[in-house]
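Visitor:
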């Protein structure tokens, strides 16, 4: 029974709390949030303890593992503190808002020996994972072209956008990880940022983007992002090779299809956002984390995966600003 | 070059005229219709001759084959006259409005030696035909259950319904032929007629029906009919066996799919009616007719097929009236 | 917090136990099975108590409600005993193996005042329920034709078939309930039984069937059943009316589609069987039961629903044997 | 009746000949090919005359219009000669192998006053055209992201690739025209060329590519090309805007779907190549040409469209070689 603490009692903290509570091999031990009420309310729901200070989590001998859902600038400090205290860590993405912050802590990050896994939930989505498994099994031959379409249902508030680090670090970073999950290391990034929404433009960010990634193998990945989508949370992926193609389509709440004088076989809008769309992925992510911690096998996605996704986000940011592709080491 | 005459310059006559004109091995020689203007207009479009009397068709030495699209009560007299004159015949369905009429002419029908093919166009629909080919090839194992859904976009005028012979002879007869095409001889018919439309009920006909057909092989066919369908001309068929199932889906004018806040992947309404839906089938039907006539191979569907479909229509009519299933020969 | 006991620690008992354990408003209090080990093992998984005798369940003051998953002949005795003890009941289908058994207990069944709900899980399937909600909301106009396709992935062992009461009581009974759920009372039943599997024929049962149901409203339902289906557990439903149609399609584990030289947009086989296909339905069924019990609102499906479904099963059995339709009250 | 000559009796010449022959308002008057047999055979099929010299076409007073299907380097000389002779022209793409050739003839091209239309057949594909019509009608709001997936079933022979002008001029040029058809003028091109096929790499060309196009409106188009595709000729297009998205899917010969133990709802491979996939587009293209010529309305796509598509192809070629995006005037 893995005793888990959660730092951050916000939206994603609630998801993890419910997932931990439902897992037969885990127990929600402690919830930490500087807003004590939030921590206490969430803790009470699952019969856990609450605290306000992250240090109380790291010092707690009744805690085996920590789920870090604190604001991004605290991810590195928190994961290092947790690791120093010998706790296993499941940390939300991104690892940091800039590579500068990562580089500043690089010696300490390299020295981490406890399991630290990053919450790139899409690796655990059953459909995306099934495509990757089939690709690895050679069902389509060598992967040649990967197309990722990822559109949010609606843009976040401008206040959030301002501190988000920009679309590439905040939104595309998931797709960068997915691209690396399928294709390994990326050698060149070209990004076009779009300013369709003047409010987001006003705070210096893009609200849509098309990114092209080259790889050492010769395969190319294309990422198409948009901060809004009328039909819901549009999350698709197509892997194409000489022997075939595999598509992971969107998910709806039911399989109902409507036919009438205007439309035929019309399905429902997509599940609205990530909590619903990736509900199963969050469950499988936690299971993978617990299993890796308990068996001592390596966690994945790792700190390195988190750093590489951030590196791609920075390269895309630069490319979108300068207009020129960015080559990577 | 097969020189073909058409009797009947109505809607279906126009389809056949266009199909003949476009066929490299056929020539539209003569159009016959008691309404001389209709015959002349249609003939003029394709550079053919026109006449008012069917006998002028049968007597014409410049005519090798006759497409019979006259009113149903004239089908048997016209096909017999054409056959006596040594013409090949492609006759529209049904062969007659009652088995009584068929039985009265049975000796003459049996004595026919020229090729007489019946216009059960669905046998030539590429999707239905592909399903049958796959079934014959054993792709799903022995056919166990055949489901035919066949709904017209809108009911015909009541005046038409009155003289149509009833839904089973007029509409379901196509599906009876399809069932026989897949399953061979039928041993028992059970039909439920529905009266959803009071105007059609008032003239003594049904406007929807569900028919169950038993076969000697043990397979069962289900036919679901309706005189109206909001989404267009609903024409589907599913063949199911122990090793799999094959579905022939509806056809739309384009492959466009719309996604928005109400619907996702919504397709267009179905092609509206038989001239559009079975346009390709009419072409292939004519080709099969010409090929059979020129090669001397047997035509199909045959007079026997036409008679058996009518026999099923009569059995269904009786079953729907009495409520009891009707056993066949 | 509703304290629930389960009678029957078999396959369905495990489903209910897991569902109860995961429900915030319920607690698994007691598991009863004549095979004491089965009861104890299941109870241990969820920290519940175990017993061998059903009477110990009814007598237990720590039990508020009973889920009855005992063999069918015990359903009526168990539900009556539970009701006499003042327990709420969620009983698996069918209510009994024959209407004779129901009639013999009819006075006692009518006198039941505690909530007794029947486990027709398909009413709670999100897709089927969404179709019904849309039908009730008038999205397709008055329901005219309902088509239910229900095929098991593989036939049960012959030993099971022998004591199952026959395909109509064991398998089709779900579809009868679904038909009543959409259409209300049925006035006539016509059934064709098929003997595709000689082993099942040898024990006097059918292994496939097509059933036609007439209703007072004039709508007709068609049920197509088969004990095997190569592609998995085939569970579809189409409701059709003058303004449109609604289809509830099959469910797959992922949304992956494969395209290669043989197939395009090929999806996975269907979820294999009812535990997987109706997992969400079992959860929603239990929630509806708990909510009804706690709020005092009527449970549904009710004892009457269970009896009427059995009545249809008997009528279908008779129709399939005699070949004649059976009229109902 | 428009009397049309065809220059070039190859594959595309055959398509145009059949289309002209089937069109009620056109007549195939003359077929010209330096291989006299090819011209004579094709002419004979449709009762037309044949010649070997293009000049005989331009000089022929019985010819109203010319379809130019000669090798690309002859397109400009042929269209100018035809125009000088007062003939209307339908010219195959691309206009030339390099902008140098176009620029050398720019004064003469600008001076052309007879109708000259270019054969970008995809503008006439019913599905692509329906998407554009819906976009123009505002169904999805302002177009934000256009995704074009265009994969050939198999690479052409290396001998063809050598003289093709490269993938961007030969294959992508269609997609460039489609992008312009939807989005108007392009301001920047970024292209990544892939070398998956060593034989094509050996002759200095790419066999796959991903191209990103920026537009003045802020919309971005992505083109994904590949010289091979296991499932057939993969031709899809998705237009996305704030109010929805429209997808034009692939086309199969039938609507048949197969379900078995491995796959469900599996469709057939796509139509194999452009003659089949765009058969209807070729018909509608010819109709549009004839209608424009006869009514005196402007032809579209125009010489300017042909030049702009070539300009994009050259920009993409440069971008793929240098790695840097190319800005356009």
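Residue numbers (full-length UniProt numbering), protein chains in the order written: chain Y, 1 to 329; chain W, 1 to 329; chain F, 1 to 329; chain Z, 1 to 329. Cβ coordinates follow ideal geometry from the N, Cα and C atoms, glycine included. The structure displayed is predicted, hence computed values, not measured ones.
#1: Can you grab the Cα-Cα spacing for the pair residue 203 (chain F) / residue 258 (chain Z), in whole Å?
#2: Using 8 Å as the Cβ pair cut-off and three pairs as the minimum, do the segment 4-23 of chain F and the segment 192-210 of chain W touch?
#3: According to a CB-to-CB cut-off of less than 8 Å, which residues of the segment 260-277 of chain F neighbour chain Z?
#4: Could you list which residues in chain Z have their beta carbon closer than 7 Å to that of residue 231 (chain F), in chain order?
#5: In angstroms with no decimal places, state the Cα-to-Cα distance between residue 63 (chain Z) and residue 294 (chain Z).
#6: Checking 8 Å against the spacing of the C-beta atoms, do residue 311 (chain Y) and residue 99 (chain Y) come in under that value?
#7: Looking at chain W, is there any beta carbon in it that lies within less than 8 Å of the beta carbon of residue 321 (chain Y)?
#8: Alpha helix (DSSP H) containing residue 158 (chain Y): first to last residue?
#9: Please state if the CB of residue 12 (chain W) and the CB of residue 57 (chain W) are separated by a distance shorter than 8 Å.
#10: Give me, in chain order, the residues of the same chain whose beta-carbon lies closer than 8 Å to that of residue 102 (chain Z); leave out the 5 immediate sequence neighbours on both sides.
#11: Can you look up residue 316 (chain Y) in the DSSP assignment and give me helix, strand or coil?
#12: Using the Cα positions of residue 91 (chain Z) and residue 304 (chain Z), report the straight-line distance between them to the nearest angstrom.
#13: Of all the beta strand (DSSP E) runs that stay within the bounds of the segment 110-194 of chain Y, which reach a length of 3 or more residues?
#14: Ends of the alpha helix (DSSP H) at residue 19 (chain W)?
#15: If the cut-off is 8 Å on Cβ atoms, which residues from the segment 235-254 of chain F count as contacting chain Z, listed in chain order?
#16: What does DSSP give as the partner residue(s) for residue 62 (chain Z) in the beta ladder?
#17: Ignore the nearest five residues each way along the sequence and tell me which others in residue 177 (chain W)'s own chain have a CB closer than 6 Å to its CB.
#18: Examine chain F for any beta-carbon lying closer than 8 Å to the beta-carbon of residue 41 (chain W), and answer yes or no.
#19: Please list the residues of the segment 178-189 of chain F that have a C-beta atom closer than 9 Å to any C-beta atom in chain W, keeping them in chain order.
#20: Output needed for residue 146 (chain W): all residues of its chain with C-beta closer than 8 Å, excluding positions within five of it in sequence on either side, in chain order.
#21: By the criterion of Cβ-Cβ separation under 7 Å, what are the contact partners of residue 139 (chain Y) in chain Z?
#22: Which residues in chain W have a C-beta closer than 9 Å to the C-beta of residue 111 (chain Z)? List them in chain order.
#23: In this structure, how does DSSP classify residue 203 (chain Z) when only helix, strand and coil are distinguished?
#24: What are the residues in the segment 8-26 of chain Y lying within 7 Å of chain Z by C-beta distance?
#25: Quick check on the burial criterion: 16 or more other C-beta atoms within 10 angstroms. Buried or exposed for residue 281 (chain Y)?
#26: Does the distance between the C-beta of residue 181 (chain F) and the nearest non-hydrogen atom of the ligand NAP fall short of 7 Å?
#27: Since residue 155 (chain Y) and residue 207 (chain Y) are thought to touch, with beta carbons under 8 Å apart, how far apart are those beta carbons, to the nearest angstrom?
#28: Between residue 121 (chain Z) and chain Y, is there a C-beta pair that is closer than 8 Å?
#29: Would you kindly work out how many angstroms separate the C-alpha atoms of residue 50 (chain W) and residue 300 (chain W), rounded to a whole number?
#30: Name the residue from W:159, W:272, W:315 whose alpha carbon lies nearest to the alpha carbon of residue 153 (chain W).
#31: Closer than 7 Å by beta-carbon distance: list the chain F residues that pair up with residue 387 (chain W), in chain order.
#32: Would you tell me roughly how many angstroms separate the C-alpha atoms of residue 15 (chain Y) and residue 122 (chain Y), rounded to the nearest one?
#33: So, at 7 Å on beta carbons, what are the nonlocal neighbours of residue 283 (chain Z) in its own chain, with the 5 sequence-adjacent residues on each side left out?
#34: For chain B, check one thing: does any of its Cβ atoms lie closer than 8 Å to the Cβ of residue 293 (chain F)?
#35: Residues of chain F with CB under 8 Å from residue 131 (chain Y), in chain order?
#36: To the nearest angstrom, how far is it from the Cα of residue 253 (chain Y) to the Cα of residue 253 (chain F)?
Guide: Reading from the atomic positions:
#1: In the third chain, residue 203 (chain F) corresponds to position 203, counting from 1. In the fourth chain, residue 258 (chain Z) corresponds to position 258, counting from 1. Approximately 33 Å between the Cα atoms of the pair.
#2: no
#3: Taking 8 Å as the cut-off between beta carbons, the residues of the segment 260-277 of chain F near chain Z are 260, 261, 262, 263, 264, 265, 266, 267, 268, 269, 270, in sequence order.
#4: In the third chain, the residue the question calls residue 231 (chain F) occupies position 231. Neighbours of residue 231 (chain F) on chain Z, chain order: 259, 260, 261, 264.
#5: Against the fourth chain, residue 63 (chain Z) aligns to sequence position 63. Against the fourth chain, residue 294 (chain Z) aligns to sequence position 294. About 14 Å.
#6: In the first chain, residue 311 (chain Y) corresponds to position 311, counting from 1. In the first chain, residue 99 (chain Y) corresponds to position 99, counting from 1. Yes. Within cutoff.
#7: Along the first chain, read from residue 1 onward, the residue named residue 321 (chain Y) stands at position 321. Cβ-Cβ to chain W under 8 Å: no for residue 321 (chain Y).
#8: Within the first chain, the letter at position 158 stands for residue 158 (chain Y). 158-162 is the extent of the alpha helix (DSSP H) around residue 158 (chain Y).
#9: If you number the second chain from 1, residue 57 (chain W) lands on position 57. If you number the second chain from 1, residue 12 (chain W) lands on position 12. Against a cut-off of 8 Å, the Cβ pair of residue 12 (chain W) and residue 57 (chain W) comes out as no contact.
#10: Within the fourth chain, numbered from 1, the residue matching residue 102 (chain Z) stands at position 102. Contacts found: 76, 95, 96, 109, 307, 310.
#11: Looking up residue 316 (chain Y) in the first chain gives position 316. Helix, per DSSP.
#12: Working through the fourth chain from its first residue, we reach residue 91 (chain Z) at position 91. Working through the fourth chain from its first residue, we reach residue 304 (chain Z) at position 304. Residue 91 (chain Z) and residue 304 (chain Z): Cα-Cα distance of roughly 13 Å.
#13: 116-118, 145-151, 186-194
#14: For this step, residue 19 (chain W) is matched to residue 19 along the second chain. Per DSSP, residue 19 (chain W) belongs to the alpha helix (DSSP H) from 11-22.
#15: 250, 252
#16: Here residue 62 (chain Z) refers to the residue found at position 62 of the fourth chain. DSSP, once it has assigned bridges, lists no residue as partnering residue 62 (chain Z).
#17: The count along the second chain starts at 1 and reaches residue 177 (chain W) at position 177. Same-chain partners within the cutoff: 120, 309.
#18: Residue numbering aside, residue 41 (chain W) sits at position 41 when the second chain is read from its first letter. It does not: the Cβ of residue 41 (chain W) has no partner Cβ on chain F nearer than 8 Å.
#19: Under the 9 Å Cβ criterion, the segment 178-189 of chain F contributes 188.
#20: Here residue 146 (chain W) refers to the residue found at position 146 when the second chain is read from its first residue. Cβ-Cβ distances below 8 Å link residue 146 (chain W) to 179, 182, 183, 219, 220, 221, 222, 237, 238, 239, 240 in the same chain, with the five nearest sequence neighbours on each side left out; the list follows chain order.
#21: Walking along the first chain from the start, residue 139 (chain Y) turns up at place 139. The premise fails here: residue 139 (chain Y) is roughly 11 Å from chain Z at the closest Cβ pair, so nothing lies under 7 Å.
#22: Taking the fourth chain and counting its residues from 1, one reaches residue 111 (chain Z) at position 111. The premise fails here: residue 111 (chain Z) is roughly 39 Å from chain W at the closest Cβ pair, so nothing lies under 9 Å.
#23: Counting from 1 along the fourth chain, the entry for residue 203 (chain Z) is found at position 203. Reduced to three states, the DSSP call for residue 203 (chain Z) is coil.
#24: none
#25: Counted from its first residue, the first chain places residue 281 (chain Y) at position 281. Burial call: buried.
#26: Among the components modelled here there is no ligand, and therefore nothing to report on the ligand NAP.
#27: For the purposes of this step, residue 155 (chain Y) is identified with residue 155 of the first chain, where counting begins at 1. For the purposes of this step, residue 207 (chain Y) is identified with residue 207 of the first chain, where counting begins at 1. Contact flag correct, Cβ pair sits at about 6 Å.
#28: In the fourth chain, residue 121 (chain Z) corresponds to position 121, counting from 1. Not closer than 8 Å to any Cβ of chain Y, the Cβ of residue 121 (chain Z) fails to qualify, so no.
#29: The count along the second chain starts at 1 and reaches residue 50 (chain W) at position 50. The count along the second chain starts at 1 and reaches residue 300 (chain W) at position 300. One C-alpha to the other measures close to 29 Å.
#30: Walking along the second chain from the start, residue 153 (chain W) turns up at place 153. When each option's Cα is compared against that of residue 153 (chain W), the closest is W:272.
#31: Lying outside 1 to 329, the shown extent of chain W, residue 387 (chain W) is not represented and no answer is given.
#32: One-based indexing of the first chain puts residue 15 (chain Y) at position 15. One-based indexing of the first chain puts residue 122 (chain Y) at position 122. Roughly 15 Å separates the two Cα atoms.
#33: Numbered from its first residue, the fourth chain carries residue 283 (chain Z) at position 283. Closer than 7 Å at the Cβ level, and outside the excluded window around residue 283 (chain Z), lie 19.
#34: Absent from the structure is chain B; the protein chains it does hold are Y, W, F and Z.
#35: Numbered from 1 along the first chain, position 131 holds the residue referred to as residue 131 (chain Y). Neighbours of residue 131 (chain Y) on chain F, chain order: 256.
#36: Residue 253 (chain Y) sits at position 253 when you count from the first residue of the first chain. Residue 253 (chain F) sits at position 253 when you count from the first residue of the third chain. Between residue 253 (chain Y) and residue 253 (chain F), the C-alpha separation is close to 13 Å.
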